[in-house]
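J.: Handing you this structure, nothing more for now.
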Amino acid sequence: MPDLSDRHIFIIPVQDKFLLHAPLLKLSALVNRSAAGAIRAALASGAAAENADSRLQPLLDVLRQPPLPPPAPNGAEISPAFLGIVTTRACNSACVYCDFGAPGASGRAMDLQTAVAAVDWYARLLKQQEKELLEIHFFGGEPMTAPAVVETVVHRARLVAARERLTPYFEISTNGLCGPALLAFLGDYVNRVVLSFDGREDIQNLHRPLRGGRGSYPGVFAAAQYLSDSPAQLVIRCCVSQINVDIMEDTARWFCETFNPSLINFEIMQPVESAAAAGLYPPDPYEFAANFIKARRAAESFGIKTVYAADLSTEPAYTSCPVGSDTVIVSPDGRISSCYLLPEKWQEVGLDLALGEMRGRRELAINPAAVQNIRAMVTNKPRCEKCFCRWSCAGGCHVGNTYPGCSADYSDYCRQTRIISACSLLDELNLPEIADTLIDDREALAALACRESDRLMEWEV
1394 MPDLSDRHIF
1404 IIPVQDKFLL
1414 HAPLLKLSAL
1424 VNRSAAGAIR
1434 AALASGAAAE
1444 NADSRLQPLL
1454 DVLRQPPLPP
1464 PAPNGAEISP
1474 AFLGIVTTRA
1484 CNSACVYCDF
1494 GAPGASGRAM
1504 DLQTAVAAVD
1514 WYARLLKQQE
1524 KELLEIHFFG
1534 GEPMTAPAVV
1544 ETVVHRARLV
1554 AARERLTPYF
1564 EISTNGLCGP
1574 ALLAFLGDYV
1584 NRVVLSFDGR
1594 EDIQNLHRPL
1604 RGGRGSYPGV
1614 FAAAQYLSDS
1624 PAQLVIRCCV
1634 SQINVDIMED
1644 TARWFCETFN
1654 PSLINFEIMQ
1664 PVESAAAAGL
1674 YPPDPYEFAA
1684 NFIKARRAAE
1694 SFGIKTVYAA
1704 DLSTEPAYTS
1714 CPVGSDTVIV
1724 SPDGRISSCY
1734 LLPEKWQEVG
1744 LDLALGEMRG
1754 RRELAINPAA
1764 VQNIRAMVTN
1774 KPRCEKCFCR
1784 WSCAGGCHVG
1794 NTYPGCSADY
1804 SDYCRQTRII
1814 SACSLLDELN
1824 LPEIADTLID
1834 DREALAALAC
1844 RESDRLMEWE
1854 V
């Protein structure tokens, strides 16, 4: 195990106090400047916390323990977090911020033999590795514009799972505009439906119009109502631009009151040309972080969890995205990769996320060298080395945020993630009132978000 004695303990400024965070020791504490300085001096010298409050000694005892091993990729053989099926790149909507290849993408749907072969391969692998959960996620385009692929995969997986004593689990990301019969299928057969829904009518229609400029709100509203009463878990994924960032709290409250979802996921709009042409841009990172915390508070009052993809994880992680988790994603043309984005997206930043290909529509061929190359890539993140989020966010999207050769400076995504993660630490310490004060202090947020190094031993007292 590498020597982490001076690299796994972090200190984060929170107004006039400091968060001490050691994720590999599962320790967090809020201390004042004097205590932080005494702890740093004691750890540097190896001595007791002389001239410091005796209450610091328990903290020092823990901080001097050997840390857990840093999280690392799986062993030699590929071990997918889940199987991803991109049913088609086509879509029946015309979202202004789409970067998944639609509209205008090929309408080709995955061949059903390819879909069956992918399920069978995954089930065999799970049995070989003595695992029990057969987890499949559907992506697009809009996956429900190729309903035969979804239905075939679901029924094949259920059949194979029953035969092999596996537990099937299905998740789909959808716009919900597939009609009553297919919505009923999703409600009955899919465990979790992630519905793209950006809020009230004006925002939804601005962000996510249909082709020809028609509004998508009536159809998505009806889908959300139906799914909220179905056996499936309804997750609402809301995209945030500069237009709706200030109403995130109200939006969360409305989602909870109207649809009672299992979960709300807020994501920032990506800076794509089509969005800019419509006058839409990513939100200010400070405003997004502050309003996310307010939205989370609002949803909590209904007993509903609100999430942000790169927030603190329950266990240290080396990746927060499917890339690097050995995820196997099969595209409509049979190409196999670790990312559901179009290959052109990762190739633009010099990445090769291909894992293999289908052979004759009947056999998945995984390249072991490609698996190892991707694992090595996700653990080499120079920008993240000194950040307290390195084992939770772990770089976020490896294509859009921390691709090889990216700037060492924090991105807006990094800054909002650092703020949200610090507030989550305060919440875990039962100090939400400090988090609520912090998000209204722009100067303190900037000091936290832009700090070059969070390592305790590099902190200048």
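The numbering used here puts the sequence shown at residues 1394 to 1854.
No residue lacks a Cβ here, since even glycine has one placed at the ideal position from N, Cα and C.
Could you give the DSSP three-state label for Ser1421: helix, strand or coil?
T.: In the structure shown, Ser1421 sits in a strand (DSSP, three-state: E or B).
J.: Tell me which same chain residues have a C-beta within less than 6 Å of the C-beta of Tyr1582, skipping the five on either side of it?
T.: Around Tyr1582: Val1547.
J.: Whole angstroms is fine: what's the gap from Ala1428's alpha carbon to Pro1459's?
T.: Using only the alpha carbons, I get a separation of about 22 Å.
J.: Fully enclosed by the stretch 1663-1718, which beta strand (DSSP E) runs are 3 residues long or longer?
T.: 1698-1700, all fully within the stretch 1663-1718.
J.: Going by C-alpha to C-alpha distance, which of Ala1787, Leu1452, Tyr1796, Ala1510 sits closest to Tyr1711?
T.: If we check each option's Cα against that of Tyr1711, Ala1787 comes out closest.
J.: For Val1542, which of Glu1525, Lys1520, Leu1575 has the nearest alpha-carbon?
T.: Of Glu1525, Lys1520, Leu1575, the residue nearest in Cα terms is Leu1575.
J.: For the beta strand (DSSP E) that contains Cys1632, what are its first and last residues?
T.: That run of the beta strand (DSSP E) goes 1626-1633.
J.: Within a Cβ cutoff of 6 Å, which residues of the same chain sit near Phe1411, ignoring the five residues on either side of it in sequence?
T.: The residues are Ile1404, Val1424, Ala1429.
J.: Which term fits Cys1816, buried or exposed, when burial requires 16 or more other beta carbons within 10 angstroms of its beta carbon?
T.: So Cys1816 ends up on the buried side.
J.: Can you find the residues in the same chain that come closer than 8 Å, C-beta to C-beta, to Tyr1679, ignoring five residues on each side of it along the sequence?
T.: Around Tyr1679: Arg1808, Gln1809, Ile1812, Arg1835, Leu1838, Ala1839, Ala1842.
J.: Mapping the DSSP letters down to three states, classify Ser1486 as helix, strand or coil.
T.: Reduced to three states, the DSSP call for Ser1486 is strand.
J.: Taking C-beta to C-beta, are Ser1566 and Phe1614 nearer than 8 Å?
T.: Not in contact: Ser1566 and Phe1614 (Cβ atoms no closer than 8 Å).
J.: Answer yes or no: do Val1764 and Leu1748 have a C-beta to C-beta separation smaller than 8 Å?
T.: Yes; because the gap between Cβ atoms is below 8 Å, this pair is in contact.
J.: Just grab the DSSP bridge partners of Gly1749 for me.
T.: DSSP lists Ile1729, Ile1759 as partners of Gly1749.
J.: Thinking Val1628 and Arg1585 are a contact (beta carbons under 8 Å), I'd like their distance in whole angstroms, please.
T.: Indeed they touch by this definition, with Cβ atoms about 6 Å apart.
J.: Taking one C-beta from the stretch 1518-1533 and one from the stretch 1479-1486 each time, how about it: are there three or more such pairs within less than 8 Å?
T.: Verdict: yes, contact present.
J.: Nearest by alpha-carbon distance to Ile1832: which of Phe1685, Ala1511, Glu1523, Glu1693 is it?
T.: Out of Phe1685, Ala1511, Glu1523, Glu1693, Phe1685 has the C-alpha closest to the C-alpha of Ile1832.
J.: Mind checking whether Gly1798 and Ile1767 have CB atoms under 8 Å apart?
T.: No.
J.: Using DSSP's beta-bridge definition, name the partner residues of Ala1415.
T.: Note: Ala1415 sits in a beta bridge opposite Leu1420.
J.: Whether or not the stretch 1647-1657 and the stretch 1688-1707 are in contact is what I'm after, with contact meaning three or more pairs of Cβ atoms, one per stretch, closer than 8 Å; do they touch?
T.: These segments touch.
J.: Name the two residues that bound the continuous alpha helix (DSSP H) containing Phe1578.
T.: Its alpha helix (DSSP H) spans residues 1573-1582.
J.: Would Met1641 count as contacting chain D if we go by Cβ distances under 8 Å?
T.: Structure shown: chain D not included; a single protein chain is present.
J.: So Phe1475 packs on Ile1529, CB below 8 Å; how close in whole Å?
T.: Sure, about 7 Å apart at Cβ, within 8 Å.
J.: With distances taken between CB atoms, is the gap from Phe1659 to Ala1617 smaller than 8 Å?
T.: No, the Cβ-Cβ distance between Phe1659 and Ala1617 is not below 8 Å.
J.: From which residue to which residue does the alpha helix (DSSP H) around Asn1598 run?
T.: Asn1598 -> alpha helix (DSSP H) spans 1594-1600.
J.: Count the other CB atoms, across all protein chains shown, that sit within 10 Å of the CB of Leu1526; report buried if there are 16 or more and exposed otherwise.
T.: With fewer than 16 other Cβ atoms within 10 Å, it is exposed.
J.: If I follow the unbroken beta strand (DSSP E) through Val1479, where does it start and stop?
T.: Unbroken beta strand (DSSP E) run through Val1479: 1476-1479.
J.: Determine the contact status of Gly1789 and Cys1732, defining contact as a CB-CB distance below 8 Å.
T.: The answer is no: Cβ separation not under 8 Å.
J.: Only counting the same chain, and skipping five residues up and downstream in sequence, which positions put a Cβ closer than 8 Å to that of Ala1668?
T.: Same-chain partners within the cutoff: Val1489, Tyr1490, Ser1634, Met1662, Tyr1674.
J.: Start and end of the alpha helix (DSSP H) containing Thr1567?
T.: Run containing Thr1567: none in the alpha helix (DSSP H); it sits in the beta strand (DSSP E), 1560-1567.
J.: How would you label Val1455, buried or exposed, when you count the other beta carbons within 10 angstroms and need 16 or more for buried?
T.: With fewer than 16 other Cβ atoms within 10 Å, it is exposed.
J.: Just reading off the beta strand (DSSP E) that Ile1529 is part of, what are its end residues?
T.: Residues 1526-1532.
J.: Would you decide whether Ser1438 is buried or exposed? Buried here means 16 or more other CB atoms lie within 10 Å of its CB.
T.: Classification for Ser1438: exposed.
J.: Let me check one thing: in DSSP terms, what residues is Val1587 bridge-paired to?
T.: Ser1566, Val1628.
J.: How many Å lie between Pro1496 and Leu1603 at the Cα?
T.: Confidence at Pro1496 is low in this model, with a pLDDT of 46, below 50, so its placement is unreliable and the value that follows should be read with caution. Answer to the nearest angstrom: the Cα atoms are 10 Å apart.
J.: Just mark Lys1687 as buried or exposed, buried being the case when its beta carbon has 16 or more other beta carbons within 10 Å.
T.: When all chains shown are included, Lys1687 counts as buried.
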